[in-house]
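Residue numbers (the working numbering): 435 to 784.
Glycine included, every Cβ here is placed at the ideal spot set by N, Cα and C.
Here the structure is a predicted model, which means the values were calculated and not measured.
Only one structure is covered here, and it is reproduced in the block below.
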């Protein structure tokens, strides 16, 4: 039995930052995540992709943001159980909870913070015969390491931000990038659409629209694709086929915990502390929903901060916490380390 103050389900950026905010309140955290490494989507889907809307960082790679968050929380010594999924929950007589993982490990905490991002998710796969055979043999649904495509021929299918962004990024990595979409219009950021147009004009991206991939060929690896374009069929040679049609999110076993669910997200009270309909269980980050919800990392950071304040009140009933700025109070780690601003020097001028 692992005992902690706050059990955080999900090791994405919101869950990781919650460890820091909890640490400022002298609360210990343990993180449970089904993925084999911390970082959530940032590590699993696009570690080498730049993020532009993190305050103070004009541009930061997703993987570097995860590394920074891990360094920031290191002094608060969080526990990690990775590669295991939260399966069941039991409420105890004292109001605390015991969560059991799919591997039978048990966690006991007075507060649960669900920070599971999109939950467990699966790519939306195109309806192409034998596509499963070519998975990991040239068919990729995620791009984790762009260097894998260095000097290779790549075909990307899709019409959203992900397809546009990766086409732009891989234009300077792959020997040949072809973007295929079943419509002439793209549903993505205007500057990304314009950038693809520029790269097409410069001969760095081949654009085939309206068109659709209808078949995959190759003995042991993807060698070519069958394309239907304006009613006509043709074949194009390639080394990789990357269909980017989005993800199908699923809450998994958490959906059976008695939480109020709306459109595959957990409803919370955003007027106060992001608590669910079950006292003591909070949901923060992309996994929650409320009026005006924005699925942004910086919004998850804000939600994690307010959640920790409410968790402190549950764990320490009747005890008042006085908020102090870290520039004034410094940061004391559970490992004995201390971070603080240099103190002013008192010296007379004669």
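Check: What residue does the alpha helix (DSSP H) around residue 674 start on, and which one ends it?; Outcome: Where residue 674 is concerned, there is no enclosing alpha helix (DSSP H), although the beta strand (DSSP E) it sits in stretches over 674–677.
Check: Just the C-alpha distance for residue 576 and residue 590, rounded to the nearest angstrom, thanks.; Outcome: 11 Å
Check: Quick check: the Cα distance between residue 456 and residue 594, rounded to an integer number of angstroms?; Outcome: 37 Å
Check: Once you ignore the five residues that flank residue 773 on each side, which residues in its own chain have a CB closer than 7 Å to its CB?; Outcome: 764, 765
Check: Taking one C-beta from the segment 711–720 and one from the segment 636–656 each time, how about it: are there three or more such pairs within less than 8 Å?; Outcome: no
Check: Within its chain, find whatever has a CB closer than 6 Å to the CB of residue 731; leave out the 5 residues flanking it on each side and keep chain order.; Outcome: 447
Check: What do you get for residue 723, buried or exposed, if any count of 16 or more other CB atoms within 10 angstroms of its CB means buried?; Outcome: buried
Check: Mapping the DSSP letters down to three states, classify residue 471 as helix, strand or coil.; Outcome: coil
Check: Might you give, ordered along the chain, the residues of its own chain that have their beta carbon closer than 6 Å to the beta carbon of residue 418, omitting 5 neighbours on each side?; Outcome: Given a span of 435 to 784 for the chain in the structure shown, any question on residue 418 remains unanswerable.
Check: When DSSP builds the beta bridges, which residues end up paired with residue 557?; Outcome: 681
Check: Quick one: complete alpha helix (DSSP H) runs, 4+ long, within the segment 604–677?; Outcome: 624–635
Check: Run through DSSP, which three-state label would residue 595 get?; Outcome: helix
Check: Does the segment 687–706 come into contact with the segment 467–477, if we say contact requires no fewer than three beta-carbon pairs (one atom in each stretch) closer than 8 Å?; Outcome: no
Check: Check whether the segment 560–576 and the segment 672–682 touch, using three or more Cβ-Cβ pairs below 8 Å as the test.; Outcome: yes
Check: Taking all protein chains shown into account, decide if residue 741 is buried (16 or more other Cβ within 10 angstroms of its Cβ) or exposed.; Outcome: buried
Check: Three or more C-beta pairs closer than 8 Å, one from the segment 530–538 and one from the segment 487–500: is that the case here?; Outcome: no
Check: Going by the beta-carbon positions, is the gap between residue 495 and residue 508 smaller than 8 Å?; Outcome: no
Check: Contact defined as beta carbons within less than 8 Å: I believe residue 519 pairs with residue 687. What is the distance between those atoms, to the nearest angstrom?; Outcome: 7 Å
Check: Nearest-angstrom Cα distance between residue 542 and residue 597?; Outcome: 42 Å
Check: Would you kindly work out how many angstroms separate the C-alpha atoms of residue 661 and residue 464, rounded to a whole number?; Outcome: 49 Å
Check: Excluding sequence positions up to five away, which residues of its chain have a Cβ less than 8 Å from the Cβ of residue 696?; Outcome: 723
Check: CB residue 587 to CB residue 671, shorter than 8 Å?; Outcome: yes
Check: Residue ranges of each alpha helix (DSSP H) run of no fewer than 4 residues wholly in the segment 731–773, ordered along the chain?; Outcome: 731–749, 760–763
Check: Determine the closest residue to residue 469 out of 516, 527, 531, with distance taken between C-alpha atoms.; Outcome: 516
Check: What separation, rounded to the nearest whole angstrom, lies between the Cα atoms of residue 444 and residue 561?; Outcome: 31 Å
Check: Report the residue from 604, 664, 609, 736 whose alpha carbon sits nearest the alpha carbon of residue 618.; Outcome: 664
Check: Report buried or exposed for residue 782, applying the criterion of at least 16 other Cβ atoms within 10 angstroms of its Cβ.; Outcome: exposed
Check: How should residue 737 be labelled, buried or exposed, when 16 other C-beta atoms within 10 angstroms of its C-beta is the threshold for buried?; Outcome: buried
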